[in-house]
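> Numbering (UniProt numbering), first residue to last: 1 to 194. Idealized CB from N, CA, C, for every residue including glycine. In this text, all values refer to a predicted model and were calculated from it rather than measured experimentally. Here you go, one structure.
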Amino acid sequence: MPRAGLASSSVTEAGAALAEEVGFSRLSMGLLAERLGIKPPSLYKHVDGMADLAHRIGVLAMTELADAIHDAIQGRAGRDALDSGARAMRIWVREHPGRYASGNAAEITGPDDPLIAAANRVMDSWGAMLHGYRIEPSQQIHALRMLRSQLHGFVTLETASGSQVLTDIDESFDWIVGFIDRGLQVPTPEMRSP
């Protein structure tokens with residue numbers, strides 16, 4: 001019988017919190033069981049194992065990130081939306097590096113995987129931001145991939161303390177967002193909407 005008060009959702013939340021504390025790469029079923037005050041086999045009543053736990057944390061992470069970006073760009077357009085969304089992503093990842101790592105490590109399990117819907121919500125928010133740049137719909141996927149690559153790379157390096165150059169990191173972030181903005185404002189002919 002599962003322990004009272006524990007459910008898949010509460011185990012996932014506890015795992016996400018622990019991933020923030022110790023780092024996603026160090027998260028384990030044994031460590032989580034210890035944190036919850038139960039024996040490791042008891043966790044298997046709520047999750048199917050470490051891969052399932054990581055996947056559930058990944059879905060949670062992508063859902064939270066989508067909400068943060070969506071809320072930040074709501075009612076904004078162009079550079080204002082880009083800047084607000086990028087800052088929201090940066091802040092969320094800095095506050096939740098363990099969750100973010102799990103979201104990037106989680107693998108899609110099939111066509112009905114909730115991770116797909118959560119990741120699509122992130123991309124839909126960025127896609128809404130791109131409307132202000134009048135990019136041809138067939139070219140938006142390329143713009144989205146560029147945007148994700150730039151922001152993901154920056155925040156991943158920042159949270160891993162990979163940006164230890166003496167230049168102010170906030171200045172670098174502003175420079176990158178400005179660079180993205182200028183690139184999106186001057187699309188190649190095939191990128192322009194009629």
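Between serine 61 and serine 8, which are expected to be in contact by the criterion C-beta below 8 Å, what is the C-beta distance as a whole number of angstroms?
The residue you asked about is not serine; residue 61 is alanine in the sequence shown. The pair is not a contact, with the Cβ atoms about 16 Å apart (cut-off 8 Å).
> Only counting the same chain, and skipping five residues up and downstream in sequence, which positions put a Cβ closer than 7 Å to that of arginine 76?
Cβ within range, chain order: Ser84.
> Using the beta-carbon count (16 or more within 10 Å), is glutamate 64 buried or exposed?
The residue in question, glutamate 64, is buried, as its Cβ has 16 or more Cβ neighbours within 10 Å.
> For tryptophan 126, which of His142, Asp113, Pro114 has the nearest alpha-carbon?
Taking only the C-alpha atoms, the option nearest tryptophan 126 is His142.
> Please report the distance separating the alpha-carbon of tryptophan 92 from that of alanine 72.
Computed Cα separation, rounded: 11 Å.
> Between which two residues does the alpha helix (DSSP H) carrying serine 172 extend?
Start and end: 169 to 185.
> When you compare each of Leu36, Val59, Val122 to leucine 151 by their alpha carbons, which one comes out closest?
If we check each option's Cα against that of leucine 151, Val122 comes out closest.
> Among the candidates Gly183, Asp174, Ser28, whose CA atom is the shortest distance from the CA of residue 232?
An answer regarding residue 232 cannot be provided, because it is not within the stretch 1 to 194 covered by the chain.
> What does a CB cutoff of less than 7 Å around glycine 37 pick up in its chain, not counting 5 residues either side in sequence?
Nothing meets the Cβ criterion.
> Secondary structure at aspartate 48, three-state DSSP: helix, strand or coil?
The answer is coil: DSSP assigns aspartate 48 none of H, G, I, E or B.
> Between the beta-carbon of residue 201 and the beta-carbon of valine 59, is there less than 7 Å?
Limits of the chain in this structure are 1 at one end and 194 at the other, which puts residue 201 out of reach.
> May I have the straight-line CA-CA distance separating glycine 110 from isoleucine 116, to the nearest angstrom?
Going from the Cα of glycine 110 to the Cα of isoleucine 116 covers about 9 Å.
> Would you mind working out which of Gly15, Arg35, Ala118 sits nearest methionine 50, comparing C-alpha positions?
It is Gly15.
> Return yes when the Cβ of glycine 98 is within less than 7 Å of the Cβ of phenylalanine 19, no when it is not.
Reading off the sequence, residue 19 comes out as alanine, not phenylalanine. Yes, the Cβ-Cβ distance between alanine 19 and glycine 98 is below 7 Å.
> Of all the options Gly78, Ile169, Ala118, Ala88, which has the alpha carbon lying nearest to the alpha carbon of histidine 55?
Minimum Cα distance to histidine 55 is reached at Ala118.
> Return the chain-ordered list of same chain residues with a C-beta closer than 8 Å to the C-beta of glutamine 140, the five sequence neighbours on each side being excluded.
Contacts found: Gly127, Leu130.
> State the DSSP-derived secondary structure class of histidine 142, mapped to helix, strand or coil.
Helix at histidine 142.
> Confirm, please, whether the CB-CB distance from aspartate 181 to arginine 35 is below 7 Å.
No, they are not a contact pair.
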